[in-house]
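Residue numbers (the working numbering): 446 to 779. A short worksheet on the structure shown next.
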């Protein structure tokens, strides 16, 4: 078995010396001490002992000077080594910064200002989660049944109910466990009587669904009164993936639009919108690539897909209108 290298402190390292220094110490002590031994003094010549004593004293002084010089020299070498390591670290850091600054210039033969690169870095490298298999289903329907209670005919004719159901797989791309804060903001209608309809109806992480009480506890007050806010923490281990789904209810005008923005990077998106008879729905994307419409397979439902990566706060916009020649009765009674 190989022996482990011994670990000593700098002080013990300083005590290590060449054998010649050790012999100098021994000989100097031997020459220095006899003058203080009575029987040696009586046996030998005083002048000779004094000579040996002075020679030993000189040797001891030389030994101390040698140790001092050695220590000073080693301390200086340590400081120089530490300075070199520090300088090397600074050089590596500067080289890394230069690489980051000139990465796009080297690859695309162009200079990217620091402010732009900071945004690219924030969007692409600092976000610890990534979303895949992202789909959104949006259902536009007229007020009916119990929803009509307490509403004037004017409100019923002016607004529609919208249910949004989304599902995706969330993956922790970092090397550390994370607590990801899932956030949902739903726009509140101008009419306060309709605020009670706006709410997250279900939220599921893996095989665990939140109860109505847990959903209520996860609601966050908006001081401005503009949005209904819902936040829930999802814990993920490094590289772990979990399937998530959510359903929410909103109130929109019978001719309106929805901006569905992504808060985290996604590998794409599928969108379907189902609407009542007489309502026309169109969609586009705030994206470099086109939102492609898929031929309808279900009556009254339109489908689109974006088969490109979606960065945070890029969005899909869809809107619905009632053609002038169509008079839609937005009141339904069961």
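Using N, Cα and C, we set each Cβ at its ideal position, and we do this for glycine too.
{"Asked": "Is the region 645 to 656 close to the region 568 to 576, with three or more CB pairs under 8 Å?", "Found": "no"}
{"Asked": "Whole-angstrom Cβ separation of residue 576 and residue 625, contact assumed at under 8 Å?", "Found": "Not really, about 11 Å apart at Cβ, beyond 8 Å."}
{"Asked": "Secondary structure at residue 603, three-state DSSP: helix, strand or coil?", "Found": "helix"}
{"Asked": "Got a sec, what are the start and stop residues for the beta strand (DSSP E) residue 648 sits in?", "Found": "644 to 650"}
{"Asked": "Is it true that the CB of residue 648 sits closer than 9 Å to the CB of residue 675?", "Found": "yes"}
{"Asked": "Give a yes or no on whether the C-beta atoms belonging to residue 628 and residue 693 are separated by under 9 Å.", "Found": "no"}
{"Asked": "Among residues of its own chain, excluding the 5 on either side of residue 631, which ones have a beta-carbon nearer than 7 Å to its beta-carbon?", "Found": "643, 672, 673, 693, 695"}
{"Asked": "Taking only three categories from DSSP, how would you classify residue 685?", "Found": "coil"}
{"Asked": "Helix or strand or just coil, what does DSSP make of residue 793?", "Found": "With the chain represented from 446 up to 779, any question about residue 793 goes unanswered, as that position is not in the structure."}
{"Asked": "Where DSSP assigns a beta bridge to residue 474, which residues make up the other side?", "Found": "Partner(s): none; residue 474 has no beta bridge."}
{"Asked": "Note down the Cα distance separating residue 471 from residue 513, rounded to an integer number of angstroms.", "Found": "18 Å"}
{"Asked": "At the level of alpha carbons, what is the spacing between residue 667 and residue 538?", "Found": "43 Å"}
{"Asked": "May I ask which residues mark the beginning and end of the beta strand (DSSP E) holding residue 577?", "Found": "574 to 586"}
{"Asked": "According to DSSP, is residue 700 helix, strand or coil?", "Found": "coil"}
{"Asked": "With distances taken Cα to Cα, identify the nearest neighbour of residue 740 among 507, 717, 759, 721.", "Found": "717"}
{"Asked": "Among residues of its own chain, excluding the 5 on either side of residue 431, which ones have a beta-carbon nearer than 6 Å to its beta-carbon?", "Found": "Residue 431 lies beyond the range of the chain shown here (446 to 779); nothing can be said about it."}
{"Asked": "CA-CA distance, residue 768 and residue 724?", "Found": "7 Å"}
{"Asked": "Per DSSP, which residues does residue 526 bridge with? Please list them.", "Found": "Answer is none; residue 526 lacks a bridge partner."}
{"Asked": "Could you tell me if residue 711 is buried or exposed, where buried requires 16 or more neighbouring beta carbons within 10 angstroms of its beta carbon?", "Found": "buried"}
{"Asked": "Over the uninterrupted beta strand (DSSP E) stretch that includes residue 719, give me the two end residues.", "Found": "714 to 719"}
{"Asked": "Name the residue from 734, 731, 706 whose alpha carbon lies nearest to the alpha carbon of residue 580.", "Found": "706"}
{"Asked": "Are the C-beta of residue 600 and some C-beta of chain B separated by less than 9 Å?", "Found": "Absent from the structure is chain B; it holds one protein chain and no more."}
{"Asked": "Give me the DSSP bridge partner(s) of residue 711.", "Found": "576, 755"}
{"Asked": "With a threshold of 6 Å on Cβ separation, who are the neighbours of residue 616 within its own chain once the five nearest residues in sequence on each side are excluded?", "Found": "575, 686"}
{"Asked": "How should residue 730 be labelled, buried or exposed, when 16 other C-beta atoms within 10 angstroms of its C-beta is the threshold for buried?", "Found": "buried"}
{"Asked": "Identify every run of the beta strand (DSSP E) within the region 602 to 631, keeping only runs that are complete inside it and at least 3 residues long; order them along the chain.", "Found": "604 to 617"}
{"Asked": "Let's test the definition: count the other Cβ atoms within 10 Å of the Cβ of residue 587 and tell me whether it reaches 16, buried, or not, exposed.", "Found": "buried"}
{"Asked": "Pick out whichever of 521, 584, 639 has its Cα sitting closest to the Cα of residue 604.", "Found": "639"}
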